[in-house]
Amino acid sequence: MDNDHAKMILSAYRSDGADASDPIFAETLAQAQRDPELARWFAVERALDERMHAAVQSVRPPANLKDSLLLAAKVSRMPAHRAWWARPAWLAAAAAIVLFAGLAFFALKPDRAPMTLAGVTSEMARLQREDRISLGAMISDPAQIQRWLKEHDGPHDFAAPAGLASQMRLGCQVLDINGNKVSLVCFQVGGQQMVHLLVIDRRRLSDPPVVGKPILMQEGELAFATWTEGDRTYVIAGRGRAESIRQWL
Amino acid sequence: MPTEILPPLEPMDFEDIVNRYYEDLYRFAFSLARNRDEACDLTQQTYAVYAEKGWQVRDASKVKSWLFTTLYREFLRLRERGRRLVSMDDENAAVPEQVAASDTERSVEHAELLDILASLDDGHREILTLFYLQQHAYKDIAGILEVPIGTVMSRLSRAKDALRKKLDAAVQQKGITVIPIDSIQKRPVQNG
Numbered sequence: 001m002d003n004d005h006a007k008m009i010l011s012a013y014r015s016d017g018a019d020a021s022d023p024i025f026a027e028t029l030a031q032a033q034r035d036p037e038l039a040r041w042f043a044v045e046r047a048l049d050e051r052m053h054a055a056v057q058s059v060r061p062p063a064n065l066k067d068s069l070l071l072a073a074k075v076s077r078m079p080a081h082r083a084w085w086a087r088p089a090w091l092a093a094a095a096a097i098v099l100f101a102g103l104a105f106f107a108l109k110p111d112r113a114p115m116t117l118a119g120v121t122s123e124m125a126r127l128q129r130e131d132r133i134s135l136g137a138m139i140s141d142p143a144q145i146q147r148w149l150k151e152h153d154g155p156h157d158f159a160a161p162a163g164l165a166s167q168m169r170l171g172c173q174v175l176d177i178n179g180n181k182v183s184l185v186c187f188q189v190g191g192q193q194m195v196h197l198l199v200i201d202r203r204r205l206s207d208p209p210v211v212g213k214p215i216l217m218q219e220g221e222l223a224f225a226t227w228t229e230g231d232r233t234y235v236i237a238g239r240g241r242a243e244s245i246r247q248w249l
Numbered sequence: 250m251p252t253e254i255l256p257p258l259e260p261m262d263f264e265d266i267v268n269r270y271y272e273d274l275y276r277f278a279f280s281l282a283r284n285r286d287e288a289c290d291l292t293q294q295t296y297a298v299y300a301e302k303g304w305q306v307r308d309a310s311k312v313k314s315w316l317f318t319t320l321y322r323e324f325l326r327l328r329e330r331g332r333r334l335v336s337m338d339d340e341n342a343a344v345p346e347q348v349a350a351s352d353t354e355r356s357v358e359h360a361e362l363l364d365i366l367a368s369l370d371d372g373h374r375e376i377l378t379l380f381y382l383q384q385h386a387y388k389d390i391a392g393i394l395e396v397p398i399g400t401v402m403s404r405l406s407r408a409k410d411a412l413r414k415k416l417d418a419a420v421q422q423k424g425i426t427v428i429p430i431d432s433i434q435k436r437p438v439q440n441g
C-alpha cells in the first residue's frame, strides 16, 4: 500500500484509539510503525485531530435545552414497547376503519358543531390530566410556528400576549375539537413548568368572552385565562391558581 | 369531544436518551446550522421524531446513529424547503456562543478552530464534525450521511486537507511563521 492510500485510511482513525480493534486499520497502523515519514505524518494528524476534538467539545448547548427536551417529552408520544394491537399494521387497519366511520359521520353531518368556552377548557383539562397533549412540531421560532400552524389549517395570524411573548416556546399543535381547528402553542415558563396558549377562531365559539375583558377560571389544578381580541379568542392554560395565570397576560 | 389518543409516556427511558446524546446532537446541529436557535430546534425536532417513531429502533445500540441520521435528514429537509433562517452573512454565525474552557487562551484557540471549521464547505464541515465528535466510527458516519464507506474515507481525507489549508492561511494571516519541529530541535540553545 503506498503512503497516499495509507494516509487516506488513517484519516478516518479516531485519535482516542476507539478504532484500534478495527481490522481495516491494522495494516496501515503497522505500516506507520515501519515507515518514519508516515509515522511523522500520522503524529501531526493525530495532534490536529485532538485539537479539533477539543474545539468541537467546547460547544455547549444552552442551559435550558435539556429541560426543554425533557419537558417536551411530557407532551410528546414516547417510544413505548407497543402491544400487538398498537403495531403499524393493526394501527393502519384501525385507522382505515376510523377513517371510514369518520367519512360516514361527516357525510351525514354537514357542518362542524360550534364550541362553548367551557367545552374548550374542560377538554384542555382532560388532555392535561391524562397527559394526552402531543406537540406536532418541536420548534421555538415564532415565525416557524406560525408557518406550521398555517400549513395545518390552525389559526395562525395572532400575537402571543405580552406576558408570554418573551418566554421560550417548546412547540405547537393543532387540536381538533368538535371538528374545529384550535391552535396550541406550548411555552416553557421557567424550570420545568409549562403554559399552553390556545387560539380559537372567535366565530366558532357560541359564547366568546367580551373583547378586552379577560376572564380567569379554575378547573381542578388547572387555571385558565381567556379573552377575545379581533377575530381570535385566546385561552391560557397552566397548572396553579387562577391568580397566578394573570402574569402571562 | 374527539381528540387523538396517544400511547402512555415512559419518561425515564426518554430521559436517559436525552442525557446521553443531546449535547453531541446539539454540537452536530450547531455545526450544520451555524445558528444557535436553529440548532436547538433541530435537536428538539430530532427528539420529537424519536418520541414518535423511536420504538421502531429495536436494537438499543443503534439509537445513537438513528438520532444523528434523523437530525441530519431533518436539517436537509428544512434546507431543501428553504426554511432555514440562517443568515450566512451573520458575522456571529460561525462563533460558538458558549465555549466552555477554563483558560482564556484555550477558549480563543477553540473559537478560532471552530470559526475555520464553520468556514468550510457544507460537505466537509458535516463529515469533519461527525468525525471530531469521536462518537462514530467511519462506518456509522457512512450510515448517517448515507454515503458509501469508501466515500467517507476519501471525503474525510479531502476535508482534512481543506481544513489544513485554511489553518495554514489563518496562521500566515497572523504573521506567524511555522517552523518545523525538527529544525527547532536542531537549533542550539542560547543562554543569557
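Chains as they are written, first to last, in the numbering used here: chain A, 1 to 249; chain B, 250 to 441. Glycine residues also receive a C-beta, built at the ideal position from the N, C-alpha and C atoms. Remember, it's a predicted structure, so these values are computed and weren't measured experimentally.
Other residues of its chain near residue i: CB distance less than 8 Å, five sequence neighbours each side excluded
i: T400 (chain B); result: A391
i: L249 (chain A); result: P161, A162, G163, P214, A225, W227 and I236
i: T292 (chain B); result: Y271, L274, Y275, A278 and L320
i: V396 (chain B); result: R404
i: T378 (chain B); result: R276, F277, S280, L281 and L366
i: A159 (chain A); result: A165
i: E375 (chain B); result: S280, L281, Y321 and L394
Nonlocal neighbours in the same chain, by C-beta distance under 6 Å from residue i, ignoring five residues either side
i: Q384 (chain B); result: D273
i: Y387 (chain B); result: V401
i: T116 (chain A); result: S206 and D207
i: R46 (chain A); result: S15
i: L216 (chain A); result: A225 and A242
Distance between residue j and residue i (C-alpha atoms, nearest Å)
i: A137 (chain A); j: Q193 (chain A); result: 19 Å
i: V305 (chain B); j: W315 (chain B); result: Note on identity: in this sequence residue 305 (chain B) is Gln, with Val being the wrong assignment. Cα-Cα distance, rounded: 10 Å.
i: A300 (chain B); j: F263 (chain B); result: 8 Å
i: R239 (chain A); j: S122 (chain A); result: 14 Å
i: K66 (chain A); j: A55 (chain A); result: 21 Å
i: D49 (chain A); j: N268 (chain B); result: 25 Å
i: V210 (chain A); j: G230 (chain A); result: 11 Å
i: R129 (chain A); j: R60 (chain A); result: 35 Å
i: D370 (chain B); j: L394 (chain B); result: 15 Å
i: D4 (chain A); j: S310 (chain B); result: 34 Å
i: P142 (chain A); j: R204 (chain A); result: 24 Å
i: A165 (chain A); j: I145 (chain A); result: 13 Å
i: E243 (chain A); j: H196 (chain A); result: 16 Å
i: R285 (chain B); j: A418 (chain B); result: 27 Å
i: E221 (chain A); j: S21 (chain A); result: 57 Å
i: L362 (chain B); j: W41 (chain A); result: 20 Å
i: H53 (chain A); j: L382 (chain B); result: 6 Å
i: H156 (chain A); j: D201 (chain A); result: 10 Å
i: L135 (chain A); j: W148 (chain A); result: 11 Å
i: G154 (chain A); j: A223 (chain A); result: 23 Å
i: C172 (chain A); j: L69 (chain A); result: 14 Å
i: A411 (chain B); j: S368 (chain B); result: 10 Å
i: R34 (chain A); j: D265 (chain B); result: 45 Å
i: A125 (chain A); j: Q218 (chain A); result: 10 Å
i: P62 (chain A); j: L29 (chain A); result: 40 Å
i: R51 (chain A); j: P23 (chain A); result: 26 Å
i: S140 (chain A); j: M168 (chain A); result: 7 Å
i: R328 (chain B); j: D290 (chain B); result: 13 Å
i: G190 (chain A); j: Q247 (chain A); result: 13 Å
i: E27 (chain A); j: D308 (chain B); result: 31 Å
i: L358 (chain B); j: G303 (chain B); result: The question names Leu, but residue 358 (chain B) in the sequence shown is Glu. Each residue's alpha carbon lies about 38 Å from the other.
i: R326 (chain B); j: E151 (chain A); result: 16 Å
Partner residues on chain D for residue i, Cβ-Cβ distance less than 7 Å
i: H53 (chain A); result: Judged by its chain identifiers, the structure shown contains no chain D, and its protein chains are A and B.
For residue i, the residue or residues it bridges with in DSSP
i: A225 (chain A); result: A:L216 and A:I236
i: V56 (chain A); result: V56 (chain A) pairs with nothing; no bridge assigned.
i: G171 (chain A); result: A:C186
i: I200 (chain A); result: A:T233
i: A137 (chain A); result: A:C172
i: I177 (chain A); result: A:N180
i: M194 (chain A); result: A:Q188
i: V211 (chain A); result: A:T228
i: L205 (chain A); result: A:M115
Residue i beta carbon near the ligand FMN (any heavy atom closer than 7 Å)
i: V312 (chain B); result: Of ligands this structure carries none, so the ligand FMN is not represented either.
Cβ neighbours of residue i in the same chain (closer than 7 Å, five flanking residues each side left out)
i: A288 (chain B); result: Y275, A278, F279 and A282
i: F380 (chain B); result: I390 and L405
i: T295 (chain B); result: L274, L316, T319, L320 and E323
i: L38 (chain A); result: N3, A6, Q31 and A32
i: L71 (chain A); result: L170, Q188, Q192 and M194
i: V312 (chain B); result: I266 and V306
i: G372 (chain B); result: R404
(Q) For the structure I just gave you, are there three or more beta carbon pairs, one from the stretch 9 to 22 of chain A and one from the stretch 401 to 417 of chain B, closer than 8 Å? (A) yes
Q | Inside the stretch 290 to 330 of chain B only - alpha helix (DSSP H) runs reaching at least 4 residues | A | 312 to 329
(Q) Give the list of continuous beta strand (DSSP E) stretches no shorter than 3 residues that lie fully inside the stretch 377 to 419 of chain B. (A) none
Q.
Quick check: the stretch 171 to 186 of chain A against the stretch 113 to 121 of chain A, are at least 3 beta-carbon pairs closer than 8 Å?
A. yes
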